[in-house]
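Note sheet for the following structure.
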Amino acid sequence: MDIKTTARNRGKMQRILFSGSIRHQLAWSFGGVALVMMIGLAGLLFELQRNFLYSAAMQQSKSLTTSLANSSSSWVLANDIAGLKEVLQGFVDLPDLERAYILSLSGEVLSSSRPDEAGLFVTDAQNQKLLSAPPQTQVLLANTRQIDVAAPVMAGLRHVGWARIEMTMNGVNANLRSVVTMGVNFIVFAALTVLTAAILLARRLTRRLHHLMRVAAEVEKGSLNVRAHISGNDEVGILAHGFNQMLDALCNSERQRERINHLYAAWTQSADIIVRESDEVKLLNEVCRIIADHVAFKLVWVGMLEPDGWVRTVAASHPDSPLLLNIKISVDETLPEGRGPMGTAIRESVPKIFNNFLNEPSTKPWQPMAAAENINASAAFPLMRGGHCIGAIAVYSAEQDYFTPDLIDLMRGLTEDLSYALDNFDREKLRLKAEHELRIAAAAFESQEGILVTDTDNNILRVNKSFTQLTGYSADEVIGKSAGILKSGRQAPEFYAVMWESINRDKYWQGEIWNKRKNGNIYPEWLCITAITNPEGAVTNYVGTFTDISQRKADEERIKDLAYYDSLTKLPNRTLLFDRLNLALNASNRNKTHGALMFLDLDNFKTLNDTLGHDRGDQLLIEVGRRLQSCVREVDTVARLGGDEFVVMLECLDEQEIEAAVQAHTVAEKIRSNLAEFYLLKSNIDNKLQPFVEHYSTGSIGFVLFLGHETSSEELLKRADLAMYQAKQAGRNVIRAFIPEMQEALNLRASLETDLRNALDRNELSLHYQVQVDASGRPVGAEALIRWNQAERGMISPAEFIPLAEETGLILSIGYWILKQGCETLVDWAKHPETRELKLAVNISSRQLSQADFVERVCAMLAETGANPALLKLEITESVILDNVDDTIAKMHAVRDLGVNFSMDDFGTGYSSLSYLQKLPLEQLKIDQSFVRNMAFNNHDSAIIRTILALGKNLDINVIAEGVETTIQRELLTRYGCQKFQGYLFGRPVPADAFKQSLLEGQAKKPSMHNALDGVR
């Protein structure tokens, strides 16, 4: 029982001492070891001291005994008891002396420190043993209490007795007790000192471990944000560094786990929305919002690829995000906007991750906006539809290195669900469409058209009711049989070979075919055959639809019988002509466009019939019909009334009567020229060497214009006939219009065209210049205006000859002449300080701008003359850009790159298009004078002017008003914000010399602008 108790106590003590903290264990260990060492050292010292004291006491006893023996030898020999007492008296006071005495060899106590023992004989065994012992020092007793030493008393060499001293160990033991006391005190003091030092040392050694334990305790409580602030390369420092890394990993793992949980929750909620939502845009917006709410992304948005290669935003978690509002993304990798995560993900159809968005070279276009919104990481995941990438979903995070492989996998899974949802939308649309088409097909299948469905072997699988009604066969009679049961035998095998070739190639054929009914009747039908294919493209069925066209064929025969066409020339006859003429009159009345009716009679046709025969005349009439048709458009009509009389009807001519007359005359002239060429007629003589006869024939043409129902069809034909007779009377092979005044105008136009062709060679053209001023009246430029001083007619208005030049193409040579004169004028102005800053406006026609070498010619003109392109301004009208818009804009930009400016003339009077206006490199808009003229009393014109000024201001285009003739107009324009003016109020167009001289004189005299230009008005 005692042993078990001792063992339990020992175990309890060990648990107390060694199961505490490392600090306590170190303290107890250091203290215990030091204490044991101290005790061991003290025991060793005590043993050494005790041995030393005992040895010293023994030596002292031996010395005293020897001294006593030596001192008493003579006295023993003399048997002098008194002397011996005297000798012993010297030893009595020795400390620790128990007794001292001298024995004779006979055992008599000769003298003793105890007087009562003198004279006695010793009888104890020890003394008896001593008496018989040889004469040498004997240690009779030596222990911790007493030392008994005997030494022989020698008289020379004679042994005469024994001296014996008994010493107690009281002094030695007292010294030992003192030593023990001091040792115990020293051990206690040393133990306390060592324990204190051990505790301090343990605290120092375990201070960082204790800090690490406190951090571990905080972590145990759930706080993962604490860290051990311990440095050093020792074991504790390495342990602390590893502990911190472990905490960082735990924190990252915890954050990652939270992110994954949040994203997984977003995925789960999105999956629920995907199942329930049927609207694609709402689905994408809702998914963006869910992801942003759960994962706390800065922005989530979906972009879809447009046909032009740019990405359009279709859904977003934060639609008002500045980044989203200003972002531009392309999939073109050659563009900076096409190298970001979204463009790359769509282009490569793989996720694109930028964990360091602000330092990626490819994201440079968006980095300022991203930095402003604290975006440091971005990822884009492609959205697939039908196996093709149609867009991507982009997410943005404020934390760098945010996107880990686990998050990327989750986002990939979410986008795959979205892609599946998009495919489902398409499948649902296809399903609804298919159901709708099935309903339509079901209704159409029972339509009035006959329908039969066959397999690939042409065996009938199904027919509708109309099939039974049209063929006489019931469904039971034909299902399972070949469709060849309907063949009539009227088509040759080649017909069916061509038909099936078309079906196999185009999967479709339609045409007229003859089939046979059950009763044997053969009838014509219009048949359409469609090949039905499976998704792999293999034909699975054929569907034929047909209608009985017996009635239509009969109607066609009846129409032919009505003889709408001339049997000889195959041209429309009088009946069809009047039908079409009535339709043309209706169209003219509806569209407000003119038409023309031409009456043509061949000259000397009777002579041909009389000389070469009617067969040659018929050949000539046929060829004339062909030539007439080649001279007109498909919408026009060529008819033969009979004999050698033909009528040509032209539709959709100009709205203006004069222009329509010019167009009609142009066509008539073309017809006249073609008819005047020689004809090759077959000879009526069997001559192989000369099978054809060459014949020349002309025609006289008269025409009349019509507009709506102002004149009846019969009256129009009479007037055209009358005009034709006027042409006959004028000498044949000529053209005459019905109205004499119109003919006079045509003659005048022809003459004017002839003179205009010679105007440049005769130096009849010149440029006049009209000044342009700013709000202060200071000249800022001029417009070059062409003038024609014809030798016979005098000064001709540009309004008369410019349209003619446009129609005839003369505007090209005239336009480049004007441009060259303008450039030379700029070079001349550059020589004078008063005019060197003036800009010159030169008008450019649409024909010039449509020329392929327009840009090169302008560049060459500038190089040839040395004119400053910055001072040259080309004026165009709105109609210039209506034809071939892209080419016109490209040429204008190329000219603008040369330094030349553009001005839009007569702005507001044409088909103004703001979409084109913003694409044109315009420097100026010119308000048309028609608005300025009536602005003082017409609110509409004033409103238009204010609108043009506001438009120019918003588009950063300066505006000039032309046709300013009164001070009131100028004041109103100034009040509206107009800063530049042109018109008679400031100066009329004058020749170059007069214009320059007026400016030079005006600058020298420094008058107001109005006075300076008074002389040039």
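Taking the working numbering, I'd label the letters of the sequence shown as residues 893 to 1909. Where a beta carbon is used, it is the ideal one built from N, C-alpha and C, also for glycine.
As a quick exercise: from Ala1188, His1785, Leu1306, Gln1821, pick the residue whose alpha carbon is nearest that of Gln1810.
For the purposes of this step, residue 1810 is taken as residue 918 along the sequence shown, with counting starting at 1. Ranking the options by Cα distance to Gln1810, first place goes to His1785.
I'd like to know if the region 1700-1711 and the region 1648-1665 are in contact, where contact means that at least 3 CB-CB pairs between them fall below 8 Å.
Touching, per the Cβ criterion.
Alpha carbon to alpha carbon, how far is Leu1084 from Thr957?
Stepping through the sequence shown from its first residue, residue 1084 is reached at position 192. Stepping through the sequence shown from its first residue, residue 957 is reached at position 65. Spanning the two alpha carbons is a distance of roughly 47 Å.
Over what stretch of residues does the beta strand (DSSP E) that includes Gly1863 continue unbroken?
Translated into the one-based positions of the sequence shown, residue 1863 becomes position 971. Sequence check: residue 1863 is Glu here, not Gly. Where Glu1863 is concerned, there is no enclosing beta strand (DSSP E), although the alpha helix (DSSP H) it sits in stretches over 1859-1868.
Which first and last residues belong to the beta strand (DSSP E) in which Ala1034 is found?
The residue you call residue 1034 lines up with position 142 of the sequence shown. From DSSP, the beta strand (DSSP E) with Ala1034 extends over 1030-1034.
Look up Thr1801 in the DSSP assignment and say whether it is helix, strand or coil.
For the purposes of this step, residue 1801 is taken as residue 909 along the sequence shown, with counting starting at 1. Of the three classes helix, strand and coil, the one that applies to Thr1801 here is coil, per DSSP.
Tell me which residues share the same chain as Ile1183 and place their Cβ nearer than 6 Å to its Cβ, disregarding the 5 neighbours each side in the sequence.
For the purposes of this step, residue 1183 is taken as the residue at position 291 of the sequence shown. The residues are Ala1158, Val1192.
With respect to the beta strand (DSSP E) encompassing Phe1873, which residues constitute its N-terminal and C-terminal limits?
Position 981 of the sequence shown, counted from the start, is the residue given in the question as residue 1873. Residues 1872-1874.
Which runs of the beta strand (DSSP E) spanning at least 3 residues fall entirely within the region 1046-1122, listed in chain order?
Correct list: 1050-1060.
Going by other Cβ atoms of all chains shown within 10 Å of its Cβ, with 16 needed for buried, is Ala1642 buried or exposed?
If you number the sequence shown from 1, residue 1642 lands on position 750. By the 10 Å Cβ count, Ala1642 comes out exposed.
Using CA coordinates, which residue listed in Ala1560, Ala1367, Gly1372, Val1086 is at the minimum distance from Ile1352?
By 1-based counting over the sequence shown, the position of residue 1352 is 460. Nearest option by C-alpha distance: Gly1372.
Beta-carbon within less than 6 Å of Val1431's beta-carbon, same chain only, minus the 5 sequence neighbours each way: which residues are those?
Your numbering for residue 1431 matches position 539 in the sequence shown. Around Val1431: Thr1348, Ala1423, Thr1425.
Could you check where the beta strand (DSSP E) with Leu1572 kicks off and where it finishes?
Reading the sequence shown from its first residue, position 680 is the one you call residue 1572. It spans 1571-1574 - the beta strand (DSSP E) in which Leu1572 sits, taken as one unbroken run.
How big is the Cα-Cα spacing for Lys1113 and Arg1099?
Within the sequence shown, numbered from 1, the residue matching residue 1113 stands at position 221. Within the sequence shown, numbered from 1, the residue matching residue 1099 stands at position 207. Whole-angstrom Cα-Cα distance: 21 Å.
Using the Cβ count rule (16 or more neighbours within 10 Å means buried), how would you classify His1557?
Within the sequence shown, the letter at position 665 stands for residue 1557. So His1557 ends up on the buried side.
Return the residue from the list Val1086, Glu1515, Tyr1294, Ala1207 that minimises the CA-CA distance to Arg1149.
Along the sequence shown, read from residue 1 onward, the residue named residue 1149 stands at position 257. Cα-wise, what sits closest to Arg1149 is Tyr1294.
With 16 other CB atoms within 10 Å as the buried threshold, where does Thr1467 fall?
Taking the first residue of the sequence shown as position 1, residue 1467 is located at position 575. It counts as exposed.
Note down, in chain order, each residue of its chain lying with its Cβ closer than 8 Å to the Cβ of Gln1682, except the 5 sequence neighbours on either side.
Here the question's residue 1682 lines up with position 790 in the sequence shown. Within the same chain, Gln1682 has close Cβ partners Asp1647, Ala1651, Glu1656, Ile1688.
Report the three-state DSSP secondary structure of Ala1269 (helix, strand or coil).
Reading the sequence shown from its first residue, position 377 is the one you call residue 1269. Correct three-state label for Ala1269: strand.
Does DSSP put Glu1767 in a helix, a strand or coil?
As a first step, residue 1767 is located in the sequence shown; it is residue number 875 there, counting from the start. Glu1767 falls in the strand class under three-state DSSP.
Measure the C-alpha to C-alpha separation of Ala1034 and Ala970 and round it to an integer number of angstroms.
On the sequence shown, residue 1034 is found 142 positions in, with the first residue counted as 1. On the sequence shown, residue 970 is found 78 positions in, with the first residue counted as 1. Whole-angstrom Cα-Cα distance: 32 Å.
Any idea what DSSP makes of Ser1900, helix, strand or coil?
Numbered from its first residue, the sequence shown carries residue 1900 at position 1008. At Ser1900, the pLDDT of 39 sits below 50, so the modelled position is not reliable and the matter cannot be decided from this model.
Candidates Asp1224, His1051, Arg1277, Phe1273: which alpha carbon is nearest Ser1254's?
As a first step, residue 1254 must be located in the sequence shown, where it is residue number 362. Looking at the Cα atoms, Asp1224 is the closest of the given residues.
Among Val1355, Val1370, Asn1501, whose alpha-carbon lies nearest the alpha-carbon of Phe1438?
Here residue 1438 is taken as the residue at index 546 of the sequence shown, counted from 1. Selected option, being the one with the closest Cα: Val1355.
Quick one, are the C-beta atoms of Ser953 and Met1059 less than 7 Å apart?
Walking along the sequence shown from the start, residue 953 turns up at place 61. Walking along the sequence shown from the start, residue 1059 turns up at place 167. Yes, the Cβ-Cβ distance between Ser953 and Met1059 is below 7 Å.
Which of the three DSSP states is assigned to Gly1412 in this structure?
Against the sequence shown, residue 1412 aligns to sequence position 520. Coil.
Count the C-beta pairs between the region 1054-1069 and the region 970-988 that are closer than 8 Å, then say yes if the count reaches three, no if not.
Touching, per the Cβ criterion.
Compute the distance between the beta-carbons of Leu960 and Ala1082, then report whether it is under 7 Å.
Taking the sequence shown and counting its residues from 1, the one referred to as residue 960 is at position 68. Taking the sequence shown and counting its residues from 1, the one referred to as residue 1082 is at position 190. In this structure, Ala1082 does not lie closer than 7 Å to Leu960 by Cβ.
In three-state terms, what does DSSP make of Pro1274?
Here the question's residue 1274 lines up with position 382 in the sequence shown. Correct three-state label for Pro1274: strand.
Among Met1541, Asp1471, Leu1475, which has the Cα closest to the Cα of Arg1525?
Locating residue 1525 in the sequence shown gives position 633, where the first residue counts as 1. If we check each option's Cα against that of Arg1525, Met1541 comes out closest.
Beta-carbon within less than 8 Å of Ile931's beta-carbon, same chain only, minus the 5 sequence neighbours each way: which residues are those?
As a working mapping, residue 931 is identified with position 39 in the sequence shown. Answer for Ile931: Ile1079, listed in chain order.
From the DSSP output, which residues share a beta bridge with Glu1404?
Within the sequence shown, numbered from 1, the residue matching residue 1404 stands at position 512. Answer is Trp1418.
So Cys1715 packs on Ala1759, CB below 8 Å; how close in whole Å?
Here residue 1715 is taken as the residue at index 823 of the sequence shown, counted from 1. Here residue 1759 is taken as the residue at index 867 of the sequence shown, counted from 1. Contact holds; Cβ gap of about 4 Å.
Run through DSSP, which three-state label would Glu864 get?
It is not possible to answer for residue 864, since the shown part of the chain is limited to 893 through 1909.
Distance check for Arg1204 and Arg1239, CA to CA, integer angstroms please.
The sequence position of residue 1239 within the sequence shown is 347, counting from 1. The sequence position of residue 1204 within the sequence shown is 312, counting from 1. So the two alpha carbons sit approximately 15 Å from each other.
In the structure shown, what three-state DSSP assignment does Ile1514 receive?
Indexing the sequence shown from 1 puts residue 1514 at position 622. In the structure shown, Ile1514 sits in a helix (DSSP, three-state: H, G or I).
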